[in-house]
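2 protein chains.
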Amino acid sequence: MNREITIQPLTAEAFAPFGDVLDTEGAPDKMINAGLCGRYHDRARLDFGEGRAGISLFEAQARSLPYELTLLERHPEGSQAFLPLTGNPFLVIVALDEGGSPGTPRAFCMAPHQGINLHRGTWHGVLTPLFSPGLFAVVDRIGPGANLEEVFLDPPYTVVP
Amino acid sequence: MNREITIQPLTAEAFAPFGDVLDTEGAPDKMINAGLCGRYHDRARLDFGEGRAGISLFEAQARSLPYELTLLERHPEGSQAFLPLTGNPFLVIVALDEGGSPGTPRAFCMAPHQGINLHRGTWHGVLTPLFSPGLFAVVDRIGPGANLEEVFLDPPYTVVP
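Shown next, in the form of structure tokens:
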């Protein structure tokens, strides 16, 4: 069984089953500030269930390729958006659900200045910066309950360029 | 009357009357992802009134200093967070409310990798990137109503380094 995953570019179409790509591709929805600013309006399908929205900052150690993928997780109670604050690309690993477990993972590389929003319940790896500092803002659910399921992958997958 | 405003560094203490500074100053609230990622948890006082949270992207033209400040605005129905996606600093201009009008403005320069969250109703200038691309994510209220008050400043203020 092939346990090697090749990284694909992140496009809205390819990522649609997992979440939203947050970028300024195409024309803005409206111009504001006397024409000096384009607003790409309301681009994430946010869902916080019985909780509320919060903004947290994450600072993660940068990883290198090939990357050994040993864990996937999902948040059954809410969406989770990742907004890199550095202009550097991050690796995004996701999987479709197959009867309560993750299917074969897929790996995407965010372009500089892109963000993503994982829809509620999407299986994903921990967000993986490829450059230091691995700094990003996270918009996710604040509320009671664990809101976390984890699946360990044995043998692991290997993510390659 | 002095119409010149000198830019100050952005610190949580100085900015407290206006909003939250979103950065990784100090220790993380918890370590996640097997110790490889620090989570600075729930750092913004979000308030969307009768609306809901949304994530939009803004792409603004970069400005240079001295900057002529002709307009302040506020959003009476919700908070508004600004998360630069570039690692470059932005200029933030805010003012206390004095009986329904903005008082003397203050100007802050965000350090690289900082974000801010303006509390509901805080008078502010349009967010002013100092480098191109002037790209940032905005977490603000999606909902009915104008949610905007504007005050034109005549004569303008001049923001200087």
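Sequence lines, in order, name chains A and B. When we follow my numbering, the leftmost residue of the first sequence carries the number 13, and every step to the right adds one. When we follow my numbering, the leftmost residue of the second sequence carries the number 13, and every step to the right adds one. In this text, a Cβ means the ideal position worked out from N, Cα and C, and glycines have one as well. Since we're looking at a predicted model, the values are computed, not measured.
Identify the continuous beta strand (DSSP E) that holds residue i and give its terminal residues.
{"i": "A:Ala119", "result": "Arg118 to Cys121"}
{"i": "A:Gln20", "result": "Glu16 to Pro21"}
{"i": "A:Pro168", "result": "Glu161 to Val172"}
{"i": "A:Arg86", "result": "Tyr79 to Arg86"}
{"i": "B:Leu34", "result": "Gly31 to Leu34"}
{"i": "B:Ser68", "result": "Arg64 to Ala72"}
So that I know if they touch, is there some Cβ in chain A lying closer than 8 Å to that of residue i?
{"i": "B:Val171", "result": "no"}
{"i": "B:Leu147", "result": "yes"}
{"i": "B:Ile128", "result": "no"}
{"i": "B:His87", "result": "no"}
{"i": "B:Pro40", "result": "yes"}
Note down, in chain order, every chain A residue with its Cβ under 9 Å from the Cβ of residue i.
{"i": "B:Val138", "result": "Ile44, Asn45, Ala46, Leu48 and Cys49"}
Between which two residues does the alpha helix (DSSP H) carrying residue i extend?
{"i": "A:Phe27", "result": "Ala24 to Phe27"}
At a CB-CB cut-off below 7 Å, which residues of chain B make contact with residue i?
{"i": "A:Arg55", "result": "Ile67, Ser68 and Leu69"}
{"i": "A:Leu95", "result": "Leu95, Leu97 and Ala149"}
When you compare the CB of residue i with every CB in chain B, is at least one pair closer than 8 Å?
{"i": "A:Val106", "result": "no"}
{"i": "A:His131", "result": "no"}
{"i": "A:Tyr79", "result": "no"}
Report the neighbours of residue i on chain B: residues whose CB is nearer than 8 Å to its CB, in chain order.
{"i": "A:Gln73", "result": "Leu48 and Cys49"}
{"i": "A:Thr36", "result": "Leu69, Glu71 and Leu147"}
Please list, in chain order, the chain A residues whose beta carbon lies closer than 8 Å to that of residue i.
{"i": "B:Leu58", "result": "Arg64, Ala65, Gly66 and Ile67"}
Is it true that the stretch 87-103 of chain B meets the stretch 134-151 of chain B, where meeting means three or more beta-carbon pairs spaced less than 8 Å apart?
yes
Determine contact between the stretch 30-39 of chain B and the stretch 50-57 of chain A, defined as no fewer than three beta-carbon pairs at a distance below 8 Å.
no
Can we say the stretch 20-29 of chain B touches the stretch 109-129 of chain A, given the rule of at least three CB pairs closer than 8 Å?
Taking a cut-off of 8 Å on C-beta distances, the stretch 20-29 of chain B does not touch the stretch 109-129 of chain A, as fewer than three cross pairs fall below it.
Short of 8 Å Cβ to Cβ, which residues in the stretch 17-28 of chain A face chain B?
none
Inter-stretch contact at 8 Å, needing at least 3 Cβ pairs: the stretch 104-123 of chain B / the stretch 151-160 of chain B:
Result no; under three Cβ-Cβ pairs closer than 8 Å.
So, does the stretch 65-78 of chain B touch the stretch 42-49 of chain B, judging by three or more C-beta pairs under 8 Å?
no
Across the stretch 58-70 of chain A and the stretch 106-113 of chain A, are there enough close Cβ pairs to call them in contact, namely three or more that are closer than 8 Å?
no
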